[in-house]
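J.: Pasting a structure here, questions to come.
Structure follows, in structure tokens:
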């Protein structure tokens, strides 16, 4: 997926009133967007940069690239994790400076793996699995809008996502095949993590933030996908560790559901 | 006796065993593992059992078309190049394949099918020369439209003023991807030591297409040429697993005549048909426009039939 990078300003210090915009947490936000938003929040926490989370029902339309979350820092607006990482780096904060070249290559590759498999599986579950679509997605996606706009927007989005799934070859997959792919991805992540606290030993990087965002959301909001993740105890421990370290300590209240 | 497994793929050209990325990946993997495949190198996708290339017909007459699925099938049949990999290396395989698919593949499609100069002078030229009549008139165009659509779905709809910026960013990410691959490879012979694995098949096919083809507009090619370990990696695999493809480089000119000799009966038939059609058109035009008119000729010819009948009477007498 292409990330559009915004022209970056000179390195001004990080302001106190930086805000992150996402959709309404209780009624509207969907699985994949929640995961992305959580990943960005975790990343900013790991960099020790204060951020305020603001929920708006039209966050998707406010975003410069159409994707949530996006951050509003000073007079800059940046969306999606990739450009946000670059933006933060331009301001002088980086989590991956201590990595050597091979590790940086691996980090980028694993981030692509998460986007390629976990994110696509989440989108599939949300928009292509009929049961979930009927029961959850349609109701949530259009909830802030009156009838018939809520139906129209939901159908439009579903059609768009289905086209994309077909283009990348996921259109003909069954739910079982998707679950198998998720399992493969979790196995790869579990292998890479091993017994280390973070993916690149002692210090967390943007990869840790991304994996945490997706796995935590999967564990707390889905049934079938979370079963696959629960098979890997080191991934569970990893999520708990980051939750305790970066969210409970700061008492952000950004995560309201705790891991069991 | 089970039927042999057959692989249908695009024919070779530009110094490579196949000009199509997916076909090249499958061929390379088959060579790595020594899988006994009956390879049909064809230039007419309508002759393949599934209508697209590459296609694998297994010994149970099942048809498989996606490269990932073909390789999984071969792995199930015990031709597994990833057998000796550790679990961590398998995880790395998945990760790097995702990286190549997300960052490098869209730009490869763009370079060969969307970039105007490359498409007209290299890609379309090869496909139009190789495909039989009359497919060569419309199939390359259709393939291009399909790939452009695919690319747009992958990368999002470009707004007209953003198109150039989008392109620049795509190429920037692809260059970064190549550099990352180069760093991961280091000075090793293959990505996981001394024996090739499925990741090598994927990466090799991308790199070989970029390196070997003479592209008029090759921005990515120039960057790749600067990464010497990747170039050495490509030529090493080519010389080791496809040693006679280099000698096949002159035969690409006979190669278009190769499929031509096969298509000769069709070609002659179509030539005869076109001559007949031309004649019919000319005669029809002549009659319709009055150059040759039956009505005018009828009074002129009337002594003729009379002369004929007189001749007949003479004969009878």
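Chains as they are written, first to last, in UniProt numbering: chain A, 1 to 260; chain B, 1 to 317. Built from N, CA and C at the ideal position, the CB exists for glycine as well. Just so we're clear, the structure is a prediction, and the values are computed from it rather than from any experiment.
Roughly how far, in whole angstroms, is the beta-carbon of residue 121 of chain A from the beta-carbon of residue 225 of chain A, given that I think they are within contact range, below 8 Å?
T.: About 7 Å; that satisfies the 8 Å criterion.
J.: For residue 261 of chain A and residue 51 of chain B, I'd like the C-alpha separation in whole angstroms.
T.: Chain A is shown only over 1 to 260; residue 261 of chain A falls outside these bounds and no answer can be derived.
J.: Where does residue 16 of chain B fall in DSSP's three states?
T.: Three-state DSSP puts residue 16 of chain B in a strand.
J.: In chain B, what lies closer than 9 Å to residue 169 of chain A by C-beta?
T.: Here the neighbours are 66, 68.
J.: Could you tell me the boundaries of the beta strand (DSSP E) in which residue 182 of chain B lies?
T.: It is not in any beta strand (DSSP E) - residue 182 of chain B instead sits in the alpha helix (DSSP H) that spans 163-185.
J.: For residue 162 of chain A, collect the residues of the same chain with a Cβ closer than 8 Å to its Cβ; drop the 5 residues on either side in sequence, then sort them by chain order.
T.: For residue 162 of chain A, where only same-chain residues beyond five positions count, the Cβ hits under 8 Å are 127, 128, 171.
J.: Relative to chain A, which residues along the region 91-108 of chain B have a C-beta separation below 9 Å, given in chain order?
T.: Within the region 91-108 of chain B, the qualifying residues are 91, 92, 93, 94, 95, 96, 97, 98, 99, 100, 101, 102, 103, 106.
J.: Going straight from the alpha carbon of residue 257 of chain B to that of residue 177 of chain A, what length do you get?
T.: Unreliable positioning characterises residue 257 of chain B in this predicted model, as indicated by a pLDDT of 45, which lies under 50. The coordinate reading is nonetheless provided below. Whole-angstrom Cα-Cα distance: 45 Å.
J.: Can you find a CB in chain A that lies within less than 8 Å of the CB of residue 87 of chain B?
T.: It does: the Cβ of residue 87 of chain B has a partner Cβ on chain A nearer than 8 Å.
J.: Assuming contact is defined by CB atoms lying nearer than 8 Å, are residue 55 of chain A and residue 23 of chain A in contact in what I supplied?
T.: Cβ distance < 8 Å, so residue 55 of chain A and residue 23 of chain A count as in contact.
J.: Tell me whether residue 285 of chain B is buried or exposed, calling it buried when 16 or more other Cβ atoms sit within 10 Å of its Cβ.
T.: The residue is exposed, with fewer than 16 neighbouring Cβ atoms inside 10 Å.
J.: Taking residue 81 of chain A and residue 36 of chain A to be in contact with their CB atoms under 8 Å, please state how far apart those CB atoms are, rounded to whole angstroms.
T.: Right, their Cβ atoms sit about 7 Å apart.
J.: Rounded to the nearest angstrom, what separates residue 27 of chain B and residue 188 of chain A at their Cα positions?
T.: The alpha-carbon atoms of residue 27 of chain B and residue 188 of chain A are separated by roughly 26 Å.
J.: Taking all protein chains shown into account, do 16 or more other C-beta atoms lie within 10 angstroms of the C-beta of residue 195 of chain A, making it buried, or fewer, making it exposed?
T.: So residue 195 of chain A counts as exposed.
J.: Does the beta-carbon distance from residue 133 of chain A to residue 156 of chain A come in below 8 Å?
T.: Not closer than 8 Å, so no.
J.: Within 8 Å of any Cβ in chain A, is that where the Cβ of residue 184 of chain B sits?
T.: Yes, contact with chain A.
J.: Cβ of residue 102 of chain A less than 8 Å from any chain B Cβ?
T.: Residue 102 of chain A counts as touching chain B.
J.: Helix, strand or coil, according to DSSP, for residue 214 of chain B in the structure here?
T.: DSSP places residue 214 of chain B in coil when its eight states are reduced to three.
J.: Output, in chain order, the set of chain A residues within a Cβ distance shorter than 7 Å of residue 150 of chain B.
T.: 167, listed in chain order.
J.: Cutting at 7 Å between CB atoms, please list the residues of its own chain near residue 256 of chain A, excluding the five before and the five after it.
T.: Because the pLDDT of residue 256 of chain A is 44, which lies under 50, any placement of that residue in the model is unreliable, and the question is left without a value.
J.: Any beta carbon from chain A within less than 8 Å of residue 74 of chain B's own beta carbon?
T.: Taking Cβ atoms only, chain A never reaches closer than 8 Å to residue 74 of chain B, which makes this a no.
J.: Could you list which residues in chain A have their beta carbon closer than 7 Å to that of residue 153 of chain B, in chain order?
T.: Ordered by position in chain A, the residues that pass the 7 Å Cβ test against residue 153 of chain B are 163, 164, 167.
J.: At a CB-CB cut-off below 8 Å, which residues of chain B make contact with residue 106 of chain A?
T.: Near residue 106 of chain A (Cβ distances below 8 Å), the residues of chain B are 92, 95, 184.
J.: Would you list the residues sitting across from residue 57 of chain B in a DSSP beta bridge?
T.: BP columns for residue 57 of chain B point to B:6, B:63.
J.: Just confirm the distance between the C-beta atoms of residue 155 of chain B and residue 106 of chain B, as a whole number of angstroms; I'd bet it's less than 8 Å.
T.: That belief holds up - the Cβ atoms of residue 155 of chain B and residue 106 of chain B are roughly 6 Å apart, short of 8 Å.
J.: DSSP on residue 40 of chain B, reduced to helix/strand/coil?
T.: If DSSP states are grouped into helix, strand and coil, residue 40 of chain B belongs with the strands.
J.: Taking the DSSP output, what are the residues bridged to residue 79 of chain A?
T.: Note: residue 79 of chain A sits in a beta bridge opposite A:70.
J.: At which residues does the beta strand (DSSP E) containing residue 22 of chain A begin and terminate?
T.: Counting along the chain, the beta strand (DSSP E) containing residue 22 of chain A begins and ends at 19-22.
J.: Measuring CB to CB, does residue 16 of chain B end up less than 8 Å from residue 222 of chain B?
T.: Their beta carbons are not under 8 Å apart, which means residue 16 of chain B does not touch residue 222 of chain B by this criterion.
J.: Would you call the CB atoms of residue 71 of chain A and residue 19 of chain A closer than 8 Å?
T.: Cβ distance < 8 Å, so residue 71 of chain A and residue 19 of chain A count as in contact.
J.: What separation, rounded to the nearest whole angstrom, lies between the Cα atoms of residue 247 of chain A and residue 45 of chain A?
T.: Going from the Cα of residue 247 of chain A to the Cα of residue 45 of chain A covers about 8 Å.
J.: Can you check whether the C-beta of residue 17 of chain A is within less than 8 Å of a C-beta belonging to chain B?
T.: Not one chain B Cβ lies under 8 Å of residue 17 of chain A.
J.: Answer yes or no: do residue 53 of chain B and residue 8 of chain B have a C-beta to C-beta separation smaller than 8 Å?
T.: Closer than 8 Å, so yes.
J.: Can you list, in chain order, the stretches of the alpha helix (DSSP H) that have 4 or more residues and sit fully within the region 67-147 of chain B?
T.: Whole alpha helix (DSSP H) segments, 4+ residues: 67-76, 87-99, 105-109, 124-130.
J.: Closest to residue 92 of chain A by C-alpha separation, out of A:117, A:74, A:13, would be which residue?
T.: It is A:13 whose Cα lies nearest to the Cα of residue 92 of chain A.
J.: Counting only beta-carbon separations shorter than 8 Å, does residue 230 of chain B have a partner in chain A?
T.: Chain A contact via Cβ: absent.
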